[in-house]
Amino acid sequence: MIWNPWDRRTPRRGFLDFASRGLGATALWQLLAREEGVRASDASGNEAPPQPRIRRAVQICLVGGLSHLDSFDYRPRLESHHGKSLQSDEQPDIFFGQVGLLRKSDWTFAQHGESGLWVSDLFPNIAGVADELTVIRSMVSDSANHTPALFVANSGFQFNSFPSMGSWLSYGLGNESDALPTFVVLPDGRGRPNGGASNWSNGFLPAQHQGVMFQDGSRPVRDLFPADAKAASADDDVRAFVSRMNRRRLDQAGGDQALSARIESYELAARMQSSIPAVSDLSQETAETQALYGIGDEATDDCGRKCLLARRLLERGVRFVQLYSGGPIGGTPRTSWDAHEDVRENHTAEAGRIDQPVAALVRDLKQRGLLDDTLVLFTTEFGRTPFTQSASDTVGTGRDHNRYGFSVWMAGGGLRPGLAFGSTDEIGWKAVEHPVPWHDFHATVLHLFGIDHTQLTYYHNGIQRRLTNVHGEVVRGVLA
Amino acid sequence: MHASRRPRLTIALLAALWLSGGRAAATEGEAGSESAGFEPIARLLAARCLGCHAGADAKAGLDLTHRDGALRGGEGGPALAPGDAEASPLWERVRDGDMPPDKPLDEADQRLLRAWIDGGAAWGAEAIDPFRFTTETRAGYDWWSLQPLAPASPPAVQNESWVRNDIDRFVLERLEAAGLAPSEAASPRALLRRVTIDLTGLPPTAEEMAAFEADPGDAAYEAIVDRLLSSPQYGERWGRHWLDIARYGESNGFERNGPRDHFWQYRDWVIEALNADLPYPEFVRQQIAGDLLTGGTEGAAAVGFLVAGVHNTVVGSSERMRRLARQDELEEVAGTLGQAFLGMTVHCARCHDHKFDPIRTEEYYRFIAALDGIQHGDRDELPVRDAAELAGVAEALAVVEASTRELMGTAGRRLAIDAAAGPAAPEPRLRWSFDRWFADDSGRIAGEVHGGARIEYGALVLDGARAWAASAPLNFSVGEKTLEAWVQLDSLEQRGGGVISLQFTDGSVFDAIVFGEREPRRWMAGSDGFARTQPLGGAEETEAMDRPVHVAIVYRQDGTIAAYRDGAPYGQPYQTGFATFGAGQAQLVFGMRHSPPGGDRMLMGRIHHAQFYDRALDDAAVRASFERGFSLDRAKLLAALNDVERAAFASLEERRGELQSRRDRLLARRERLYSVTPADPEAMRVHVRGGVTDFGPEVSAGGLSAVTGAAADFGLPAGAGDRERRLALARWITEDARPLLNRVIVNRLWQHHFGAGLVETPSDLGFNGGSPSHPELLDFLARELEGHGGRLKALHRQLTLSSTYRQSSRLRRDAFEVDAGNRLLWRASPRRLDAETLRDAMLQSSGALNLEAGGPGFRDVELLSLNGTTYYLPIEADRPEFHRRSIYRFVPRDGASALLETFDCPDPSVTAPQRTATTTPLQALSLLNNSFVLAMSGRVARRAEAGTESREAAVGRVWELIVGRLPEDVERTESAALVERHGLAALARGLFNASEFLVIE
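Heads up: the protein sequence lines correspond to chains E and X, in order. So the first sequence is numbered by the working numbering: it starts at 25 and just counts up by one. So the second sequence is numbered by the working numbering: it starts at 7 and just counts up by one.
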């Protein structure tokens, strides 16, 4: 073969990765992992690759920085210390450099479900599925700036052009669908996040692993159909013409594999032209389901549609769906969670857009039995500071970026549900118990997919690159 | 077959053989001083033990690099009992299989070790360098790519008749050894398309195809190759390849991703340099130090290479973040440079010694020390020729001015009595005339200059972005004071720039003359956190762009602050706090409100003269100082001259006028470029584990000793300036490291002609890279390039004239089974068009291609700026500028064109030495439906229709325009049917999707 799937040192040239098709549940990577695993344990007694617990994932990315102190990280001492100063000489690595007085949460915390997980009334609906959630309250990030922080959360690196987690999963696991992309991205209706497509870039991995952006409208994927009607009416005939030409060429060229792949890619493209509009057609869902996701209500319509679309994509074999809550940073009023000015006002509005749809997605996946082998990720680039962004003698209304401690949650197969893992200090500033950097988070997600993060590599510019760089520890404490 | 770990060992052995032919001086002495018997032991220890047991932090404290270390032993006591293996813990651990921990020594090695210890454990005089030998897990100094070029002579072959030049001998020898024959020659049509695209990035026209088919002989082919090599499209094609390596992008990336409006000059420089066939070492030298070697726009454009990468403009508020961002930036530059020129991944040694190649962390810091003078920024430059003329004008002006000064001096002396009668101008404590130097006029207070600030015609020129100047800390304390300056602004809209500021050296406390910070167009007394700043109520500035205005601010002990403009009170004095500045604590800075530089603190304009008084002047004194000015009033002086002197003065003035207008004409030709704005760096220190808190020893700029041995030491002091450092680096890479430099570039040429390099990882010739399929051929070509004087066109000629290149791409079962990857080159590898060629070829077919060369790129994106971040939104338009070749597209980061991106055009954020060529359903959708493809299909249809009489002829013309030939019978029938139903455009759309168009066969 020209292309050797076991040889990951050189980029694959001229060959579409069809190998995953037809393999079904036995994904490409797992085959590979077994090979490598056997060799690895022969040599140095490494563990065998982990058992896959999930097959697909959806990630809800909160752009701008969700305040953990006002949502999932209940810090009673912050309440009693309200209006006091931080009493630290440290010059924290925040964005604007203003350290005001401590501010208690603007929301009321309560314990929910049988697990008694603490969730504030910022998210009343998500609180209703508390028993499904595994909250990590001790996340830490390398950067307190939006774009690099979002890049780290997505790719493990602060810089442009490293492959995102979705691309690594696509590369490692291939696709379960032959008529839909492996990795789909659903940006907020208000615009793409800072860094744009770099956030779902394939980086140095082959282009088929790039996140494919779905948009609203009749052409959910760019260039799915020609823009003008005359060309559209010629579609079938043109494709047939191309196919005949290419097949004759194939004979003349002596059976070139790249050309066979190209011929097949046109057949796949035709399938996508019917499957993508079909999966995007939410009118096929019942009125009850649409209502459950908040479709039709002004605040929740955008996110509700995307959450429902995400479920439909996952059902049809898409490996990884990434959904953004929040558009570009900046502007007035803000279109993200970046609550520098007023947390109450900003987070009330942002949560109002996503609370019901996200809870509906978890419930819906659960009731369809999909949550057992699906992973739901609810993440943000960093948290917010317990002190306000104001003069040093004032309790302001906004909170600055906090990379030292923040919360994310996961739900789905292989996890311990209803768990709050790790903890920040008593005012919620810094993670003190089980700090979890993004590399560990990524290692854990790969682990749930049955991938040893140290084994999923790709040669680029001198290095066998990994999603987790040279770091990463699976967070065992959250695993079932 | 390729790229497994095994073949590499063969190469390592081969390298070891070369080694015996003599390597760089560094290891020769070592080898000579060792007893021959120790060599295999040294190799064994290096391969299996020194990975852990070497150097200061050796595991268990056991350092096996030298005899004393072994005898002294580590935590477990002495490791070696010479003459008695059984009594040596070293042997015990090996014998029991405890060491080495991952894989025990095989029997032969065990015997060797044991016999050596029993025989007395004789040791060489020198410590064993753990990097000396290549092992199973890493490369040593004996790694193949680090050796001198092997003097390979072209081998003999059986099938002499196939050989056109020596390249063919190397290839055929390997084929014959594998029992394979080369493929038959490609059809003239396939060959012409291949060579035309390879050399120019555009397919041949149908007419060119027909002509070559009529006369496909060697002479005709050679003439074609020569024509293509001399066409301007050659530089555009190969420039594209180079820009991939240079990660050429026209925005900053990171959070803000601001556009670089003046960076296209680097792209044009590359294209022109390639077209002019600049010798490759010169091409490299200019890109490292062109601004220092050539200067002018040419030099500043060439070093665009160094700053072509991403640049973080938002590094956060903390010192740690700033330092880290700088280290990241240096890693990016060093990494790109090392890979681009030397095929070495030097950046991998930032946090620890390179895991795979013999590069120490300390050498990494030497390497980045050579680059630490690089800063990103805009420069205004003249073409070299104009710059030379300008220098001549400036010299002439200086002569005129000296004569004028002499006359004025005469007049001044005559007026001495009168002058003394007027109000005495106050004498400042410090004065800066900015005539020649940055120090104060007395020369006692040293000055330093930053960010490209410079002196031009007696003024300090400041760019409003990075440039500023500063005095040394003042050795006296300051209470009451007066700041005064004659300043001219480049813009009245600027907000917040400081003219002259007395500040604590860390910028935390300052008093400054500031323009427009709180209120637009108004002067104010700037201070830390506005602590001593209040509105003065002065008038809006209207003249400061047209002439220097005089501004002064007086600070009194009682907190009164009074401002003056042109000697008269400016607004109302007010009373506020008062700051004192202790001796040694404060300095004066010019062109900046306060430290750190950057943001709105920087002034854009020129300071002609500045004065500092350690006392508060009263109104009359300020007025007197203004009236005295920084030159005496001219009318008064002229009155004091006699007629002859006045005539001389007049002719001097005339001459000055001429010279000044010549100067202004030249200055108007200055062009802005995004380039290196050098700044002398501090001494570099090793950053422990790549961090910014823990530092190791100081290092001076240098290269990699693995590449050149001792020549890697540039012999520079740690405090050397940017100029010395970069010139030394440029010399080292292009001269000392020439064998490696040549290997890397000939391999890149090979890659783009044959689909893959002789080494398949073109930017990594180290341990992690691929092994050369034809090592002798690689070295042969590297020597050929040297013989061609570094001129690449000669090498292209050799490659494309070879029989190897001219083979058919048809797949042969027999050969495929032996060598599926075509590493032996039994055929030409078919290649899909890269994204840009695909687009350019469609433009050419449609007749819309606009071959306008150079200049700012066309922008098929709309720039949207939101809170300081720039977004690039795609736009579509069918205008001639949009039909230029793809290399002239404005390429912001994260602003990729949908079509190009889908066909694997990388985001230009990191160096991309090779493109992937994927085949995806999204490509099919794109090529069928993208609006550009549809527009080009329509144009082809109209073009075909316009030039032909009949529908049938038009169908044939569409074929010719897209695939360069007429359809055969069955194709004609199918085409006619398609055209019948959907028109000619549908046929064009179909042909753009055909493999025959999409693939170079």
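Here a beta-carbon is modelled for each residue, glycine too, at the ideal position from N, C-alpha and C. Remember, predicted model here, so these are calculated numbers, not experimental data.
Residue i versus the options, residue with shortest Cα-Cα distance
{"i": "G761 of chain X", "options": "X:L798, X:G522, X:L831", "result": "X:L831"}
{"i": "L870 of chain X", "options": "X:P880, X:P862, X:W244", "result": "X:P880"}
{"i": "A859 of chain X", "options": "X:G697, X:L298, X:P886", "result": "X:P886"}
{"i": "A184 of chain X", "options": "X:A537, X:F822, X:G67", "result": "X:F822"}
{"i": "G196 of chain E", "options": "E:E322, E:N218, E:N226", "result": "E:N226"}
{"i": "I519 of chain X", "options": "X:V964, X:V557, X:T548", "result": "X:V557"}
{"i": "R286 of chain E", "options": "X:P927, X:V320, X:M414, X:E977", "result": "X:P927"}
{"i": "D362 of chain E", "options": "E:N169, E:S191, E:F465, E:K454", "result": "E:N169"}
{"i": "P187 of chain E", "options": "E:G215, E:Q232, E:S201", "result": "E:Q232"}
{"i": "G795 of chain X", "options": "X:L857, X:W529, X:E741, X:L817", "result": "X:E741"}
{"i": "V316 of chain X", "options": "X:E882, X:A743, X:D334", "result": "X:D334"}
{"i": "G61 of chain X", "options": "X:V650, X:E660, X:D135", "result": "X:D135"}
{"i": "A52 of chain X", "options": "X:L77, X:P106, X:G89", "result": "X:P106"}
Residue i at chain X interface by Cβ criterion, 9 Å
{"i": "K454 of chain E", "result": "no"}
{"i": "G235 of chain E", "result": "no"}
{"i": "F344 of chain E", "result": "no"}
{"i": "D417 of chain E", "result": "no"}
{"i": "P172 of chain E", "result": "yes"}
{"i": "G496 of chain E", "result": "no"}
{"i": "Q276 of chain E", "result": "yes"}
Whether residue i touches residue j by CB criterion (9 Å)
{"i": "T421 of chain E", "j": "R368 of chain E", "result": "yes"}
{"i": "R243 of chain X", "j": "G301 of chain X", "result": "no"}
{"i": "G457 of chain X", "j": "A478 of chain X", "result": "no"}
{"i": "T582 of chain X", "j": "Q540 of chain X", "result": "yes"}
{"i": "N281 of chain X", "j": "G241 of chain X", "result": "yes"}
{"i": "N149 of chain E", "j": "Q297 of chain E", "result": "no"}
{"i": "A156 of chain X", "j": "F773 of chain X", "result": "no"}
{"i": "R678 of chain X", "j": "N263 of chain X", "result": "no"}
{"i": "F402 of chain E", "j": "I78 of chain E", "result": "no"}
{"i": "F864 of chain X", "j": "V939 of chain X", "result": "no"}
CA-to-CA distance, residue j to residue i, given in whole angstroms
{"i": "D359 of chain X", "j": "V400 of chain E", "result": "40 Å"}
{"i": "H484 of chain E", "j": "L249 of chain X", "result": "18 Å"}
{"i": "I203 of chain X", "j": "P209 of chain X", "result": "5 Å"}
{"i": "P160 of chain X", "j": "L787 of chain X", "result": "11 Å"}
{"i": "V432 of chain E", "j": "E325 of chain X", "result": "29 Å"}
{"i": "A64 of chain E", "j": "R117 of chain X", "result": "Since pLDDT at A64 of chain E reaches only 34, below the 50 mark, its modelled position is unreliable, and the value read off the structure follows with that caveat. When rounded, the distance between both Cα atoms is 28 Å."}
{"i": "A674 of chain X", "j": "P238 of chain X", "result": "29 Å"}
{"i": "F120 of chain E", "j": "L491 of chain E", "result": "30 Å"}
Contact belief for residue i with residue j at Cβ below 8 Å, rounded distance in angstroms
{"i": "A531 of chain X", "j": "D517 of chain X", "result": "7 Å"}
{"i": "L111 of chain X", "j": "R49 of chain X", "result": "With 8 Å as the limit, L111 of chain X and R49 of chain X do not qualify as a contact, their Cβ atoms being about 13 Å apart."}
{"i": "N936 of chain X", "j": "A983 of chain X", "result": "So it is not a contact: roughly 25 Å between Cβ atoms."}
{"i": "S139 of chain E", "j": "D117 of chain E", "result": "Contact flag wrong, Cβ pair sits at about 34 Å."}
C-beta neighbour in chain E for residue i, strict 9 Å
{"i": "Q345 of chain X", "result": "yes"}
{"i": "D334 of chain X", "result": "yes"}
{"i": "M327 of chain X", "result": "yes"}
{"i": "A883 of chain X", "result": "no"}
{"i": "P265 of chain X", "result": "no"}
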